[in-house]
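Asker:
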Amino acid sequence: VNEFLAKVQVAVDEVAARELAELQADKAKVTGTDPASPTLYRWDVPFHQERVRRARFQIDQEALRAYFPTDKSLQFTMKLAERLYGITFVERKVPVWQEDVRYFDVFERQPSGKAGAFIGGFYLDLYPREGKYAHAAAFVVRAGSTLAKRTPISALVTNFNRQGLNRDELETLLHEFGHVLHGVLSKTRYADQSGTSVKRDFVEAPSQMFEEWARREEAFKLLAEVCPECPRLTTAQIAQLDASRKYGQGILYQRQREYAAYDMKLHTGEPPAPMPAWAEIEGKSRLGHVEGSMFPANFGHLMSGYGAGYYGYMWSQVLALDMLSAFDGKMLDPTIGRRYRRSILEQGGQRQPQVLVESFLGRKPTSDAFYAEITGRR
16 VNEFLAKVQV
26 AVDEVAAREL
36 AELQADKAKV
46 TGTDPASPTL
56 YRWDVPFHQE
66 RVRRARFQID
76 QEALRAYFPT
86 DKSLQFTMKL
96 AERLYGITFV
106 ERKVPVWQED
116 VRYFDVFERQ
126 PSGKAGAFIG
136 GFYLDLYPRE
146 GKYAHAAAFV
156 VRAGSTLAKR
166 TPISALVTNF
176 NRQGLNRDEL
186 ETLLHEFGHV
196 LHGVLSKTRY
206 ADQSGTSVKR
216 DFVEAPSQMF
226 EEWARREEAF
236 KLLAEVCPEC
246 PRLTTAQIAQ
256 LDASRKYGQG
266 ILYQRQREYA
276 AYDMKLHTGE
286 PPAPMPAWAE
296 IEGKSRLGHV
306 EGSMFPANFG
316 HLMSGYGAGY
326 YGYMWSQVLA
336 LDMLSAFDGK
346 MLDPTIGRRY
356 RRSILEQGGQ
366 RQPQVLVESF
376 LGRKPTSDAF
386 YAEITGRR
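Residue numbers 16 to 393, in my numbering, belong to the letters of the sequence shown in order.
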């Protein structure tokens with residue numbers, strides 16, 4: 016793990032340096048000083064990143080809601096899953112905890128397009144209300160087990176605008192629906208290996224991969240099918256959106272590496288004093304350590320199952336981007352989608368992730384696509 020984190024640091028260092036120089040120049044513009052004179056502090060970064068992003072890419076996230084109506088975006092997401100994985104969804108009236116909640120059964124799709132064998136089901140709780148969980152997440156309602164003949168049920172909980180989604184929210188929908196599919200399409204013998212009950216450094220990979228269908232022009236053809244009246248993004252707009260998403264990758268992954276390195280330092284060898292250990296790691300960064308800050312006291316992942324596993328966010332992305340390479344130029348190919356379903360989604364945690372990915376790709380996994388992504392070369 017530490018070797019992987021060291022490689023990430025080397026890969027993004029120059030990218031982060033260029034990005035920070037741009038932010039320093041923007042601070043000089045705002046403060047009316049010489050470009051080389053203002054000190055860029057860590058708390059300056061989000062403000063100037065957003066200023067530069069808006070000026071460079073001129074993307075109005077709110078205007079994108081017209082392109083991605085919420086209900087049509089859901090239909091798009093489900094149609095993707097149907098096309099790729101050979102399944103079909105049938106909405107059914109069942110008892111729910113709130114009137115907006117919807118439930119769908121999942122079936123194998125027959126050649127005629129009709130529903131075949133029953134697979135499982137999921138609930139959708141998409142809109143905000145008072146007292147509701149405030150984030151987006153997928154939850155296991157019932158883990159599947161072929162031994163117990165128990166079918167899986169999941170729930171997708173979000174807080175979306177009822178009228179439409181921006182680009183980030185469309186990615187969130189695909190990401191969390193990826194978790195739902197991982198659970199519902201699982202065919203494991205034992206419930207405790209069902210769906211997302213996999214190694215911590217693999218659990219995000221299927222969902223991270225599914226996000227890519229919110230970025231590719233090929234995939235948006237399906238959105239046009241479910242919403243012919245929706246405005247369509249041009250090739251140039253799609254490229255601009257992706258460039259905006261990638262802006263700041265150096266700074267982002269440099270920071271992620273620091274968090275992961277700190278996590279590993281706490282969990283390998285003799286446990287160090289928390290604050291000095293963090294000050295040492297952050298102090299080696301280009302922006303240095305912020306005296307008086309108490310980041311370790313706010314690092315909630317350490318207490319929520321990610322101890323010695325924070326690096327898994329990045330390692331999952333290594334595997335996600337490598338698996339995605341099988342779909343290059345064939346984003347809607349059902350043959351590849353079904354192979355992915357059999358090799359990855361149905362297997363849950365009953366085999367090691369490395370074995371699953373190698374089975375799907377027909378080769379050993381590589382990190383090439385990940386390093387291309389974090390350095391802006393993909």
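Note that CB positions come from ideal geometry on N, CA and C, so glycine has one too.
Tell me whether Y138 is buried or exposed, calling it buried when 16 or more other Cβ atoms sit within 10 Å of its Cβ.
Answerer: The residue in question, Y138, is buried, as its Cβ has 16 or more Cβ neighbours within 10 Å.
Asker: Is DSSP giving L38 helix, strand or coil here?
Answerer: Of the three classes helix, strand and coil, the one that applies to L38 here is helix, per DSSP.
Asker: Which runs of the alpha helix (DSSP H), 4 residues or longer, sit entirely within the stretch 67–152?
Answerer: Here the runs fully enclosed are 85–100.
Asker: What does the alpha-carbon distance come out to for the pair F192 and L171?
Answerer: Looking at the two C-alpha atoms, the distance is approximately 7 Å.
Asker: If I measure Cβ to Cβ from G393 and keep anything under 6 Å in the same chain, skipping five residues before and after, which residues do I get?
Answerer: Looking at the sequence itself, residue 393 is Arg, so the reference to Gly does not match. The answer, listed in chain order, is A387.
Asker: At 3 residues or longer, and completely inside the stretch 247–272: list those beta strand (DSSP E) runs for me, N to C.
Answerer: As far as the stretch 247–272 is concerned, it has no whole beta strand (DSSP E) run of at least 3 residues.
Asker: What are the complete alpha helix (DSSP H) segments, minimum 4 residues, inside the stretch 191–251?
Answerer: Segments of the alpha helix (DSSP H) lying fully in the stretch 191–251: 220–225 and 232–241.
Asker: Figure out for me which residue from E18, A21, N17 and D28 has the closest Cα to the Cα of G391.
Answerer: For the residues E18, A21, N17 and D28, the minimum Cα distance to G391 belongs to D28.
Asker: One question on the structure: do Y100 and R356 come within less than 7 Å of each other, judged by their Cβ atoms?
Answerer: Contact flag set, yes.
Asker: Report the three-state DSSP secondary structure of A335 (helix, strand or coil).
Answerer: If DSSP states are grouped into helix, strand and coil, A335 belongs with the helices.
Asker: Tell me the DSSP secondary structure of A170 in three-state form.
Answerer: In this structure, A170 counts as strand in the three-state DSSP scheme.
Asker: Roughly how far, in whole angstroms, is the beta-carbon of K94 from the beta-carbon of C242, given that I think they are within contact range, below 8 Å?
Answerer: Not confirmed; about 11 Å, so no contact.
Asker: What span of residues does the alpha helix (DSSP H) with Q369 cover, start to end?
Answerer: Its alpha helix (DSSP H) spans residues P368 to L376.
Asker: By DSSP, does S308 sit in helix, in strand, or in coil?
Answerer: Looking at S308 - three-state DSSP - the assignment turns out to be coil, as it is neither helix nor strand.
Asker: Mark V199 as exposed unless 16 or more other C-beta atoms lie within 10 angstroms of its C-beta, in which case mark it buried.
Answerer: By the neighbour-count rule (16 or more Cβ atoms within 10 Å), V199 is buried.
Asker: Any contact between the stretch 322–330 and the stretch 201–221? By contact I mean 3 or more CB pairs, one from each, below 8 Å.
Answerer: Counting Cβ pairs under 8 Å, three or more are found: they touch.
Asker: Starting from R301 and walking both ways along the alpha helix (DSSP H), at which residues does that stretch end?
Answerer: Element bounds for R301: n/a, residue is neither H nor E.
Asker: Run the CB neighbour count on Y321, radius 10 Å, all protein chains shown included, and call it buried at 16 or more, exposed below.
Answerer: It is buried - the Cβ of Y321 has at least 16 other Cβ atoms within 10 Å.
Asker: With a cut-off of 8 Å on the beta carbons, I'd call R165 and R157 a contact; round off their distance for me.
Answerer: Right, their Cβ atoms sit about 7 Å apart.
Asker: Helix, strand or coil for V30, going by three-state DSSP, please let me know.
Answerer: Helix.
Asker: Could you tell me the distance, in whole angstroms, from the CA atom of V111 to the CA atom of T85?
Answerer: Looking at the two C-alpha atoms, the distance is approximately 21 Å.
Asker: When you compare only the Cα positions, how much space is there between A81 and G131?
Answerer: The alpha-carbon atoms of A81 and G131 are separated by roughly 35 Å.
Asker: Are the Cβ atoms of Q208 and Q365 separated by less than 7 Å?
Answerer: Yes.
Asker: Nearest-angstrom Cα distance between A220 and D183?
Answerer: Approximately 18 Å, taken between the alpha carbons.
Asker: According to the Cβ coordinates, are H190 and S222 closer than 7 Å?
Answerer: In contact: H190 and S222 (Cβ atoms closer than 7 Å).
Asker: Based on DSSP bridge pairs, tell me the residues matched to F154.
Answerer: Bridge partners of F154: A170.
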